[in-house]
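In what follows, a single structure is set out as structure tokens and then discussed.
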Amino acid sequence: MIQGPPPPEHTRRAFGLGGADVEPLGGTGWRCGDVVLEPVHDRAQGVWLSRILAALDVPELRIARPIGATDGRWVVGGWRARRVLTGSPEHRPEETVLAAVRLHRATATFERPAFLDDRQDVFAVAERMAWDEERRELDEAKGGRLFEILAPSRRPVWGADQLVHAELFGTLLFDGDQPPALVGFVPHFRPAEWGAAVAAVDAVAWGGADGTLLRHWSHLPEWSQLLLRAVLFRLAWHALHPRSSAATLDGLRRVAGEVTELL
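Rendered as structure tokens:
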């Protein structure tokens with residue numbers, strides 16, 4: 023990801039950071055002392071994210087608490103602020119799925135964000151396709167053919183929809199034996215265990231885990247059907263994404279085979 027320009031001085035001053043040195047954090051964020059400033063491309067979503075991270079309380083999970091501006095705003099000039107948390111992304115499949123389960127117990131009472139209705143990005147379209155709420159032609163060579171083969175195995179799922187984060191694998195920060203750290207939240211509104219299923223599918227497809235991980239969590243409600251929808255979600259995302267590759271599709275083929283055995 024290309025590092026964009028640093029936050030302007032007036033934004034830093036608004037968050038009380040006028041005199042702090044600014045250094046690139048990697049990705050799109052910039053560090054100012056013990057604070058990270060991140061660009062916000064959609065103000066409604068940026069404000070929502072800060073409010074969610076301010077309200078979350080999850081056992082055994084560190085939360086990147088947001089920082090408000092001196093006038094109380096969460097977003098100033100297209101930027102939001104949060105506390106620095108130590109750690110870096112690591113492939114820890116079991117800990118990631120466990121974090122997903124714990125997180126979604128804590129988000130069960132949160133309301134559905136209104137902006138989800140307007141999302142048309144690749145992730146949102148792929149999610150609706152996985153749940154048979156939207157149909158599009160998918161490139162067969164990029165995952166569309168496998169999507170067609172697996173889709174007829176869908177059966178009804180009865181779990182209640184709630185707020186879930188479906189991009190946990192590879193985004194949690196780990197620092198030794200400390201609890202994992204949550205620094206963002208990509209919202210979806212699906213059964214709680216679907217978020218864990220996506221994390222498990224990602225771990226098998228791209229994180230070095232095997233089918234043992236999927237079977238370890240088979241006690242979760244409607245697990246096999248939620249795994250299937252997680253695979254369909256990633257296959258649709260892969261087929262729609264302009265930068266997907268043969269290497270990433272190989273991982274999805276592998277996890278699709280593991281999931282098929284559980285249906």
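Here my numbering is used: the first residue of the sequence shown is 23, the next is one more, and so on.
Ideal Cβ placement from N, Cα and C applies to all residues, glycine included.
Between which two residues does the beta strand (DSSP E) carrying Pro213 extend?
One-based indexing of the sequence shown puts residue 213 at position 191. Note, Pro213: beta strand (DSSP E), Pro209 to Pro213.
Indicate whether Ala261 and Phe191 have their beta-carbon atoms separated by less than 8 angstroms.
Translated into the one-based positions of the sequence shown, residue 261 becomes position 239. Translated into the one-based positions of the sequence shown, residue 191 becomes position 169. Not a contact, by the Cβ cut-off of 8 angstroms.
Entirely within the segment 44-90 and at least 3 residues each: give me those beta strand (DSSP E) ranges in chain order.
Inside the segment 44-90, DSSP marks whole beta strand (DSSP E) runs of 3 or more residues at positions 45-48, 51-54 and 57-61, from first to last along the chain.
By the DSSP assignment, the alpha helix (DSSP H) with Val19 in it spans what residues?
With the chain covering only 23 through 285, there is no way to say anything about residue 19.
Should the segment 224-236 be called in touch with the segment 141-148, which here means at least 3 C-beta pairs below 8 angstroms?
Counting Cβ pairs under 8 angstroms, fewer than three are found: no touch.
Can you tell me which residues form a DSSP beta bridge with Trp101?
For the purposes of this step, residue 101 is taken as residue 79 along the sequence shown, with counting starting at 1. According to DSSP, residue pairing for Trp101 in a beta bridge involves Pro61 and Val98.
What does the alpha-carbon distance come out to for the pair Asp56 and Leu39?
In the sequence shown, the residue the question calls residue 56 occupies position 34. In the sequence shown, the residue the question calls residue 39 occupies position 17. Straight across, the Cα-Cα distance linking Asp56 with Leu39 is about 10 angstroms.
Whole angstroms are fine: how far does the CA of Gly109 sit from the CA of Ala148?
Against the sequence shown, residue 148 aligns to sequence position 126. Against the sequence shown, residue 109 aligns to sequence position 87. Each residue's Cα considered, the two are about 30 angstroms apart.
How should Glu156 be labelled, buried or exposed, when 16 other C-beta atoms within 10 angstroms of its C-beta is the threshold for buried?
Mapped onto the sequence shown, residue 156 falls at position 134. Under this definition Glu156 is an exposed residue.
By Cβ distance below 6 angstroms, which residues in the same chain neighbour Ala218 in space, the five residues on each side in sequence not counted?
Here residue 218 refers to the residue found at position 196 when the sequence shown is read from its first residue. Correct list, in chain order: Val119, Ala122 and Val123.
Pick from Leu195, Leu83, Leu59 and Leu254: whose alpha carbon is nearest that of Trp216?
The residue you call residue 216 lines up with position 194 of the sequence shown. The option with the nearest alpha carbon to Trp216 is Leu254.
Quick check: the segment 203-217 against the segment 179-190, are there 3 or more CB pairs under 8 angstroms?
Cβ pair count under 8 angstroms is three or more, so yes.
So, with DSSP's three-state summary, where would you put Asp224?
Counting from one through the sequence shown, the residue named residue 224 turns up at place 202. When secondary structure is reduced to three states using DSSP, Asp224 falls in the helix class.
Pull up the distance between the alpha-carbon of Ala225 and that of Arg127, whole angstroms please.
Counting from one through the sequence shown, the residue named residue 225 turns up at place 203. Counting from one through the sequence shown, the residue named residue 127 turns up at place 105. Cα to Cα, the separation comes out at about 21 angstroms.
DSSP beta-bridge partners of Gln184
As a working mapping, residue 184 is identified with position 162 in the sequence shown. The partner list for Gln184 (beta bridge, DSSP) reads Arg212.
Could you compute how far the alpha carbon of Trp96 sits from the alpha carbon of Ala42?
Here residue 96 corresponds to residue number 74 of the sequence shown, with the count starting at 1. Here residue 42 corresponds to residue number 20 of the sequence shown, with the count starting at 1. When rounded, the distance between both Cα atoms is 19 angstroms.
Hey, Asp154 and Arg134: beta-carbon distance below 8 angstroms or not?
One-based indexing of the sequence shown puts residue 154 at position 132. One-based indexing of the sequence shown puts residue 134 at position 112. Judged by their CB atoms, Asp154 and Arg134 are not nearer to each other than the 8 angstroms cut-off.
Looking only at C-alpha atoms, which of Leu160, Ala163 and Leu248 sits nearest to Gly181?
Reading the sequence shown from its first residue, position 159 is the one you call residue 181. Put simply, of Leu160, Ala163 and Leu248 the residue whose alpha carbon is nearest the alpha carbon of Gly181 is Leu248.
Could you check whether Leu236 and Ala222 sit closer than 8 angstroms to each other, using their CB atoms as the reference points?
Residue 222 sits at position 200 when you count from the first residue of the sequence shown. Residue 236 sits at position 214 when you count from the first residue of the sequence shown. Taking the C-beta atoms as reference points, Leu236 is found nearer than 8 angstroms to Ala222.
Using a 10 Å radius around the Cβ and a threshold of 16 neighbouring Cβ atoms, would you call Gln200 buried or exposed?
Along the sequence shown, one-based indexing puts residue 200 at 178. Counting Cβ neighbours within 10 Å, Gln200 comes out exposed, since fewer than 16 surround it.
When the Cα of Pro115 is compared with those of Leu284, Gly233 and Pro81, which residue comes out closest?
Here residue 115 refers to the residue found at position 93 of the sequence shown. Nearest option by C-alpha distance: Gly233.
Tell me the rounded alpha-carbon separation between Arg150 and Arg158.
Working through the sequence shown from its first residue, we reach residue 150 at position 128. Working through the sequence shown from its first residue, we reach residue 158 at position 136. Going by the C-alpha atoms only, they are around 10 angstroms apart.
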